[in-house]
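There are 2 protein chains.
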Amino acid sequence: MFTPVDKKRAFEAVVQQIESAIYSGEYAPGDFLPPERTLVEDFGVGRSTVREALRILESMGLVRTSPGSRSGPEVCGSVTPGLTRMLRGAVRMEEIPVVELVQYRIIAGAAANRLAAHLRTDEHLERMAAAIEAMEAATDAATFAAADDGFHAVVRDAAGNRVLGIVGGVIQDATLDLVAGAVGPPAGASRMRREFIADHRRILAAITGRDGDTAARLASQTLYDAYSGALDKDQRHRLAVLLEPDVRDSRDH
Amino acid sequence: MFTPVDKKRAFEAVVQQIESAIYSGEYAPGDFLPPERTLVEDFGVGRSTVREALRILESMGLVRTSPGSRSGPEVCGSVTPGLTRMLRGAVRMEEIPVVELVQYRIIAGAAANRLAAHLRTDEHLERMAAAIEAMEAATDAATFAAADDGFHAVVRDAAGNRVLGIVGGVIQDATLDLVAGAVGPPAGASRMRREFIADHRRILAAITGRDGDTAARLASQTLYDAYSGALDKDQRHRLAVLLEPDVRDSRDH
DNA sequence: ACCTAGCAGCTGTTCAGACCACACTGCCCG
DNA sequence: CGGGCAGTGTGGTCTGAACAGCTGCTAGGT
């Protein structure tokens, strides 16, 4: 019947106020907060309290500070870097296994490709084609992976769903870091690499033809093929149940 | 060709060292870091520097501080609360339209139900059945919505994918806030309400029978039916493209 | 011998003041 | 007209201090 008392620490109250001001739109991305010493007066707290609050907001990706600026901390729009950093930490703490990230990529990738097939513009198609060209031109694994990521980023953009876009970007970054090279798409001029690029061309063709079902199916299969080699039988099964029924039998063994 | 120079701030170096120590397993969850004053000596920096570093680590969910402890900051295992908090902020700041939230729920809900059908235990089935009972017993809209949310939460739990679970929980909260009552599932003893509950029973039956395809299809349709009434024709189309081909034609008009 | 109230010490929290390095501004001089 | 240079305000860091809360020990009473 009693609610737990919340012992508010001073800097938490400061964080909450600034957070609300940003979320409510009072401060838009690109705006500048008052300088630290002014915030000290406004909030009626000590400088270190304000600074600790700013450190928290900075680690969340809401603000950015730079010495010498005449305008105070800058409100920056994207919290994606902060989310990526934390998610990466979660994976490193073994709180989230890699197989679940790949699982998510298969789910979200299929949906994004399906949506993109219906909503894409000609400009999206051009950017996807450019990304595939960059994959072919890549000489090292990092460049190749970056181009691959670029392709998927365009797909998410074309899908027009911000949730898929934000989370997909974060998960993609995290997987890129975690499986760097070892499990990722092959970089050499091998048969696997050509096959991987050919898969992307087929996906692009499906999206061009507004064939969402095919695009989704191809995207799932490509992701499964790219990562299944590095997983054991049980983990592969957790991925295979997400594939279409007809291909599930042939790949789940 | 040039990499941006990283002006190291002292507290960032401290964060990095402690972060690495935790990730490497040198400090396991439940362990205690040295007290602030000891860290000051170890790192050779000022007190405020150590404290700002600890604030960052705390906002990432890696450590927890409490006054009076004889042992210093505690290393805590789960980063999930921090992730949820940041993701909620991202959703709030992007001002994501309702249709995109529903779109995401259809995508993630279908996948979660598919996975749950394969991985569920008997205990999960009991909890789902209990949630449905709670829906039937509900007399007001809020209780009904809470029971519905509970059902989906169990499904996500059974699906065993933490990314799906974390993001799904945040999005579910967001939709609950945004469409509170107005668009949500019907609360009265209407035909729609009985139909809504019957849908959940069918989903539970499919999950019980380990029929992932059916569970996924039913979940998508139920979500679509629940929210499509409040959306216009163009928005309904963005949802309908996510449904199965055979039902798409009959519902997309 | 056992229990309990009180005390001392350590912890985190907050504050105030000071100094430094840096970036921007505007003036002055070539 | 252009470039160098000091002034000024910014964030970054450090020091010292005081306060509140918890822990663990201890002295006193039962």
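Protein chains in written order, with our numbering: chain A, 9 to 261; chain B, 9 to 261.
For glycine and all other residues, C-beta sits at the position ideal for the given N, C-alpha and C.
Rounded C-alpha distance that separates A:D157 from B:V99: Position 149 of the first sequence, counted from the start, is the residue given in the question as residue 157 of chain A. Position 91 of the second sequence, counted from the start, is the residue given in the question as residue 99 of chain B. CA-CA distance, A:D157 to B:V99, rounds to 23 Å.
Local Cβ density within 10 Å of A:P81, reported as buried at 16 or more and exposed below that: For the purposes of this step, residue 81 of chain A is taken as the residue at position 73 of the first sequence. Classification of A:P81: buried, given that the 10 Å Cβ count is 16 or more.
Among A:R55, A:S236 and A:S86, the one whose alpha carbon lies nearest that of A:S67: For the purposes of this step, residue 67 of chain A is taken as the residue at position 59 of the first sequence. For the residues A:R55, A:S236 and A:S86, the minimum Cα distance to A:S67 belongs to A:S86.
Residue from B:Y232, B:A214, B:F204 and B:L172 with nearest C-alpha to B:T290: With chain B covering 9 to 261 only, the question about residue 290 of chain B has no answer from this structure.
Pick from A:S236, A:P37, A:R122 and A:A120 that is closest to A:V83, judged by C-alpha positions: Counting from 1 along the first sequence, the entry for residue 83 of chain A is found at position 75. For A:V83, the closest alpha carbon among the candidates A:S236, A:P37, A:R122 and A:A120 is that of A:P37.
Beta-bridge pairing of A:E49 - partner residues as DSSP gives them: Taking the first residue of the first sequence as position 1, residue 49 of chain A is located at position 41. According to DSSP, which records beta bridges pairwise, A:E49 is partnered with nothing at all.
Interface positions of the stretch 93-112 of chain A facing chain B (Cβ-Cβ less than 7 Å), listed along the chain: Within the stretch 93-112 of chain A, the qualifying residues are M94, L95, G97, A98, R100, M101, E103, I104, E108, L109, Q111 and Y112.
Which residues DSSP lists as bridging B:E82, in chain order: Within the second sequence, numbered from 1, the residue matching residue 82 of chain B stands at position 74. In DSSP, B:E82 forms a bridge with B:F40 and B:R72.
Cβ neighbours of A:A214 in the same chain (closer than 7 Å, five flanking residues each side left out): Within the first sequence, numbered from 1, the residue matching residue 214 of chain A stands at position 206. Excluding sequence neighbours, A:A214 sits near A125, T222, A223 and L226.
Alpha-carbon spacing of A:T216 relative to A:T230, whole angstroms: Along the first sequence, read from residue 1 onward, the residue named residue 216 of chain A stands at position 208. Along the first sequence, read from residue 1 onward, the residue named residue 230 of chain A stands at position 222. Going from the Cα of A:T216 to the Cα of A:T230 covers about 18 Å.
Cα-Cα separation, A:R135 to A:A120: Looking up residue 135 of chain A in the first sequence gives position 127. Looking up residue 120 of chain A in the first sequence gives position 112. Cα to Cα, the separation comes out at about 16 Å.
Inter-residue Cα distance where the pair is B:S79 and A:R59: Start at 1 with the first residue of the second sequence, and residue 79 of chain B comes out as number 71. Start at 1 with the first residue of the first sequence, and residue 59 of chain A comes out as number 51. If I take the Cα positions, the gap works out to 25 Å.
Start-to-end residues for the alpha helix (DSSP H) that takes in B:P89: What you label residue 89 of chain B is simply residue 81 of the second sequence in a count that begins at 1. It spans T88 to E102 - the alpha helix (DSSP H) in which B:P89 sits, taken as one unbroken run.
Neighbour-count burial assignment, B:T129, 16 or more Cβ in a 10 Å radius: Here residue 129 of chain B is taken as the residue at index 121 of the second sequence, counted from 1. Taking a 10 Å sphere around the C-beta of B:T129, we find fewer than 16 other C-beta atoms and assign the residue as exposed.
Beta-carbon contacts of B:V191 that lie in its chain and below 7 Å, excluding the five residues immediately before and after: Stepping through the second sequence from its first residue, residue 191 of chain B is reached at position 183. A caution first: B:V191 carries a pLDDT of 46, below 50, which makes its placement in the model unreliable, though a value can still be read off. Closer than 7 Å at Cβ, skipping near neighbours: Y235 and A238.
Residue interval of the alpha helix (DSSP H) (run including A:L212): Along the first sequence, read from residue 1 onward, the residue named residue 212 of chain A stands at position 204. Looking at the DSSP string, the run of the alpha helix (DSSP H) that includes A:L212 is R199 to T216.
B:L109 vs B:A182 beta-carbon contact at 8 Å: Counting from 1 along the second sequence, the entry for residue 109 of chain B is found at position 101. Counting from 1 along the second sequence, the entry for residue 182 of chain B is found at position 174. Cβ distance < 8 Å, so B:L109 and B:A182 count as in contact.
Cβ shell of A:L133 (< 8 Å), same chain only, five flanking positions each side left out: As a first step, residue 133 of chain A is located in the first sequence; it is residue number 125 there, counting from the start. Taken in chain order, the residues that qualify are L212, I215 and T216.
DSSP state of B:R128 mapped onto helix, strand, coil: If you number the second sequence from 1, residue 128 of chain B lands on position 120. Of the three classes helix, strand and coil, the one that applies to B:R128 here is coil, per DSSP.
Chain-ordered chain B contacts of A:Y235 [CB-CB under 9 Å]: Counted from its first residue, the first sequence places residue 235 of chain A at position 227. Residues of chain B passing the Cβ test: none, with the nearest at roughly 15 Å.
Segment limits, alpha helix (DSSP H) that includes B:G220: Walking along the second sequence from the start, residue 220 of chain B turns up at place 212. That run of the alpha helix (DSSP H) goes G220 to S236.
A:T57 versus A:F204: straight-line alpha-carbon distance, rounded: As a first step, residue 57 of chain A is located in the first sequence; it is residue number 49 there, counting from the start. As a first step, residue 204 of chain A is located in the first sequence; it is residue number 196 there, counting from the start. Just so you know, the alpha carbons of A:T57 and A:F204 end up roughly 52 Å apart.
Chain-ordered chain A contacts of B:G85 [CB-CB under 9 Å]: Here residue 85 of chain B refers to the residue found at position 77 when the second sequence is read from its first residue. Simply M101 and E103.
Chain A within 8 Å of B:S56, Cβ atoms only: Start at 1 with the first residue of the second sequence, and residue 56 of chain B comes out as number 48. By the rule that beta-carbons nearer than 8 Å mark a contact, B:S56 touches chain A.
Residues near A:Y35 by beta carbon distance below 6 Å, same chain, minus five either side: For this step, residue 35 of chain A is matched to residue 27 along the first sequence. Counting only Cβ-Cβ distances below 6 Å, and skipping sequence neighbours, we find A29 and V83.
Close Cβ partners of B:E44 (< 6 Å) along its chain, the five nearest in sequence each way excluded: Taking the second sequence and counting its residues from 1, the one referred to as residue 44 of chain B is at position 36. Here the set comprises V58.
Distance CB(B:A116)-CB(B:G168) smaller than 8 Å: On the second sequence, residue 116 of chain B is found 108 positions in, with the first residue counted as 1. On the second sequence, residue 168 of chain B is found 160 positions in, with the first residue counted as 1. Remark: C-beta atoms of B:A116 and B:G168 do not approach each other more closely than 8 Å.
C-alpha distance - A:R96 paired with B:T147, whole-angstrom precision: Here residue 96 of chain A corresponds to residue number 88 of the first sequence, with the count starting at 1. Here residue 147 of chain B corresponds to residue number 139 of the second sequence, with the count starting at 1. Computed Cα separation, rounded: 43 Å.
Continuous alpha helix (DSSP H) stretch holding A:D242: start and end: The residue labelled residue 242 of chain A in the question sits at position 234 within the first sequence. If you look at A:D242, you'll find it in the alpha helix (DSSP H) that goes K241 to A248.
Classification of B:A145 by the beta-carbon crowding that lies within 10 angstroms, buried from 16 upward: Stepping through the second sequence from its first residue, residue 145 of chain B is reached at position 137. It is exposed - the Cβ of B:A145 has fewer than 16 other Cβ atoms within 10 Å.
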